[in-house]
Each structure stands twice: as structure tokens, then as C-alpha cells.
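With our numbering applied, the sequence shown covers 175 to 336.
Where is the CB? At the ideal position from N, CA and C, for every residue including glycine.
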Amino acid sequence: MVMGLATLLTGCGGEPRSVVATELLDRQGYDAALRQSSGDYRWPADYRPDLDRLSGSSAPGSGEAALAGSERIILEIANSCAWYKSWDDARGRADHSSAEEALTVLEEVLPGYGPQNPDGRRYAREAASRARAGDPSLARQFTEANCDGVIAWDRTGTGADG
Numbered sequence: 175m176v177m178g179l180a181t182l183l184t185g186c187g188g189e190p191r192s193v194v195a196t197e198l199l200d201r202q203g204y205d206a207a208l209r210q211s212s213g214d215y216r217w218p219a220d221y222r223p224d225l226d227r228l229s230g231s232s233a234p235g236s237g238e239a240a241l242a243g244s245e246r247i248i249l250e251i252a253n254s255c256a257w258y259k260s261w262d263d264a265r266g267r268a269d270h271s272s273a274e275e276a277l278t279v280l281e282e283v284l285p286g287y288g289p290q291n292p293d294g295r296r297y298a299r300e301a302a303s304r305a306r307a308g309d310p311s312l313a314r315q316f317t318e319a320n321c322d323g324v325i326a327w328d329r330t331g332t333g334a335d336g
């Protein structure tokens with residue numbers, strides 16, 4: 175996944191694309207943008223990303239740059255992970271109120287992430303539909319592929335283990 179994050183930030187190869195008015199962020203600029211943008215997202219009480227570690231694993235390396243806005247892609251992935259995991263945990267402990275709160279986000283928020291990626295939006299809609307039916311398979315598939323072992327969670331004050 176770390177390689178996947180780097181590829182996502184730098185591009186997937188192929189023909190060069192022209193970009194108009196591109197702002198590039200060095201490591202410090204990326205870190206500041208990630209921290210500032212993280213406040214724009216609603217996070218479940220039991221899963222909030224450890225921003226130090228998230229920035230450290232996704233920021234451009236020394237002498238490299240990331241496109242401004244790429245931090246939002248990382249935050250969308252982390253936010254999706256947080257809500258899928260929160261829903262699955264709530265479901266497992268029969269916390270219907272928390273599970274319903276997470277399901278609302280799965281249905282109403284996550285399908286709007288990645289507007290340039292129709293396949294990702296379809297996946298999010300299908301994952302939400304299956305979650306609503308009690309099937310955790312796509313939520314778990316997403317977290318296994320994109321979150322587990324990659325995103326560290328700041329679970330202080332949640333009563334949950336990290």
C-alpha cells in the first residue's frame with residue numbers, strides 16, 4: 175500500500191498530462207496541508223488517523239514534491255477506512271446506534287470521494303449496499319487492501335486498543 179500511495183501521488187505513468195496552474199508541495203507544505211485538511215472530514219469517534227504517521231508515510235521525500243490536493247486523496251482513503259472499520263466494529267459488538275451512524279456515512283459520503291474515479295464510486299456504493307444488508311465483505315476487502323498495516327490510528331480517549 176505504501177507503494178500504492180506513492181504511485182497515486184506521483185501518477186501511474188503513460189503519456190504526460192498537461193496541468194494548468196499546478197502547485198507543488200514539499201514535505202513540510204504537504205504535512206501542513208494534510209493537517210489542515212483533516213479537519214474538513216468527519217471522523218468516527220473510534221477511528222481517527224495518527225496524522226504524524228499518516229503524513230510521514232504519504233508525504234513526498236526529500237527533494238521531491240506532491241501536487242497540492244494529493245493530501246485530500248490520502249485523507250479520503252483514511253476516512254473511508256475509518257468509517258468501514260467503525261461500522262464493522264459496531265456491528266460486531268451489536269452497537270446498533272454506532273453502526274447506523276457509520277452506515278449513513280458509507281451511503282451518503284463515501285460514494286462522493288474520488289469524483290474522477292467512477293469505479294471507486296461504484297465500489298463505495300456497492301460496499302454501502304452490502305453493509306446495509308449485513309454483509310461486511312467489501313468493507314473488509316477495502317480495509318485489508320488500503321488500511322491494515324498502513325494507516326495507524328490515534329485511538330486515545332476512545333477506550334479502544336490501537
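Here proline 223 is bridged, per DSSP, to Trp327. Here the C-alpha atom of serine 260 lies approximately 7 Å from the C-alpha atom of aspartate 220. In chain order, Asp205 and Leu208 place their CB closer than 6 Å to the CB of serine 229, counting only its own chain and leaving out the 5 sequence neighbours on each side.
DSSP places glycine 294 in the uninterrupted alpha helix (DSSP H) bounded by 292-306. Under the rule that a run must span 4 or more residues, the alpha helix (DSSP H) segments found entirely inside the stretch 204-263 read 225-232. Nearest to glutamate 300 by C-alpha distance, out of Val279, Leu312, Cys255 and Arg265, is Leu312. Contact check for alanine 242 against leucine 199 passes: the beta carbons are separated by less than 9 Å. Counted as a single uninterrupted DSSP element, the alpha helix (DSSP H) harbouring glutamate 274 occupies residues 270-282.
Taking C-alpha positions only, glutamate 281 is separated from alanine 302 by approximately 5 Å.
In this chain, arginine 267 is not harboured by any alpha helix (DSSP H), its DSSP state being neither H nor E.
Between the alpha carbons of arginine 267 and alanine 273 lies a gap of roughly 9 Å.
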